[in-house]
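Worksheet for the structure shown next.
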């Protein structure tokens, strides 16, 4: 028997970052929107814990026990007194190291898949608790849709979304380290009074109405200046998308993927074509959201 779980990518339509805490983490007000780019995680009984991966940039995915999918299997097994004897196979379609929570998605996918395979009967709250232990973005990969994350981003409140939002994503030619981006955020903000992060009421209202113009006026990412400081070429990608008609352009999360909010499928195609022709990015994808969270797709 095997279980396959499908898990979406995410875009941060707002990422408000507060000052570093004594433990080094930053308080966040993180508005997540799940979008229709998916990884599929399949777990099968095995003699031990093993991870394999296929798909774009699969060679960049760690296949040892540092992989979030492997850690998820281990965490669930420990709670239920099992050994994590599963083969975890990841079919990648979410960009790797692109700020779209691909690794977190794989962790959530493996957790849901192992829960179904082992018939542990874990509650939703327990699964979310394990997700929060694994990483700040993992709980949202389980939940999907749209949500406000506070704390490190792991304390979620589901949000109402009144329509479908269309996006274009441009993948850069190299990666960006999330810890390095946060360090640059701290460096750039040194000596300034960084406020505590709060969610934009205008942005939440735009999501609830399904209004792309209002959402475009409200999207923001406090990590964008740090990402651009470390990766200045991203500015050219953002400018290209805006010039091609995107309603809004921003770095997704800690980057280096850039995200472009567009009015619909036709404008998505036009923006994608312009980005490809510009040579300012490596690959381009289109997707819409909200999308469902981790879902069992097959047994």
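In our numbering, the protein residues as written are 7 to 305. We put the beta carbon where it would ideally sit given N, CA and C, even for glycine.
Starting from the N-terminal side, write out each stretch of the alpha helix (DSSP H) that is 4 residues or longer and does not extend beyond the segment 89–154. 108–124, 130–140, 144–149
Check for me: the alpha helix (DSSP H) holding residue 31 runs from which residue to which? Element bounds for residue 31: n/a, residue is neither H nor E.
One question on the structure: do residue 227 and residue 204 come within less than 9 Å of each other, judged by their Cβ atoms? no
Should residue 89 be listed as close to the ligand ZN, given that the test is whether its C-beta is under 8 Å from any heavy atom? The ligand content of the structure shown is nil, which means the ligand ZN is not present either.
Taking residue 284 as part of the alpha helix (DSSP H), name the residues at either end of that continuous run. The continuous alpha helix (DSSP H) containing residue 284 extends over residues 271–284.
Pick helix, strand or coil for residue 175, following the three-state DSSP scheme. strand
Starting from residue 253 and walking both ways along the beta strand (DSSP E), at which residues does that stretch end? Element bounds for residue 253: n/a, residue is neither H nor E.
In chain order, what residues of the same chain have a beta carbon less than 8 Å from the beta carbon of residue 77, not counting five sequence neighbours either side? Around residue 77, the same chain offers 71, 113, 140 as residues with beta carbons nearer than 8 Å, after the five sequence neighbours per side are excluded.
With DSSP run on the structure shown, which of helix, strand or coil describes residue 267? strand
Would you decide whether residue 44 is buried or exposed? Buried here means 16 or more other CB atoms lie within 10 Å of its CB. With a threshold of 16 other beta carbon atoms within 10 Å, residue 44 meets it and is buried.
Whole-Å CB distance - residue 15 paired with residue 111, under 8 Å assumed: 7 Å
Evaluate contact between the segment 286–295 and the segment 29–49, counting only Cβ atoms and requiring at least three cross-stretch pairs below 8 Å. Taking a contact to require three or more Cβ pairs closer than 8 Å, the segment 286–295 and the segment 29–49 qualify as touching.
Closer than 8 Å is the cut-off here; do at least three beta carbon pairs connect the segment 234–251 with the segment 273–290? yes
Within its chain, find whatever has a CB closer than 8 Å to the CB of residue 165; leave out the 5 residues flanking it on each side and keep chain order. Correct list, in chain order: 37, 151, 152, 153, 154, 210, 213, 214.
If you draw a straight line from the alpha carbon of residue 146 to that of residue 26, how long is it in whole angstroms? So the alpha carbons of these two residues sit roughly 22 Å apart.
Going by beta carbon distance, what residues of the same chain come within less than 8 Å of residue 247, once the five residues before and after it are set aside? 174, 176, 255, 264, 266, 277, 280, 281
Quick check on the burial criterion: 16 or more other C-beta atoms within 10 angstroms. Buried or exposed for residue 28? exposed
Under the assumption that residue 82 contacts residue 126 (Cβ atoms under 8 Å), give the Cβ distance between them as a whole number of angstroms. 7 Å
So the candidates are 95, 80, 96, 97; which of them puts its Cα closest to the Cα of residue 89? 80
Considering only residues of the segment 151–237, which uninterrupted beta strand (DSSP E) runs meet the minimum length of 3 residues and lie entirely inside it, listed in chain order? Restricting attention to beta strand (DSSP E) runs no shorter than 3 residues, the segment 151–237 encloses them at 152–156, 161–164, 171–177, ordered along the chain.
Check whether the Cβ atoms of residue 60 and residue 10 sit closer than 9 Å, and answer yes or no. no
Residue 143 and residue 107 closer than 9 Å at C-beta: yes
Figure out for me which residue from 22, 229, 20 has the closest Cα to the Cα of residue 194. Closest option to residue 194, Cα to Cα, is 229.
Buried or exposed for residue 6, please, with buried defined as at least 16 other CB atoms from any protein chain shown within 10 angstroms of its CB. The first residue shown for the chain is 7 and the last is 305, placing residue 6 beyond what the model contains.
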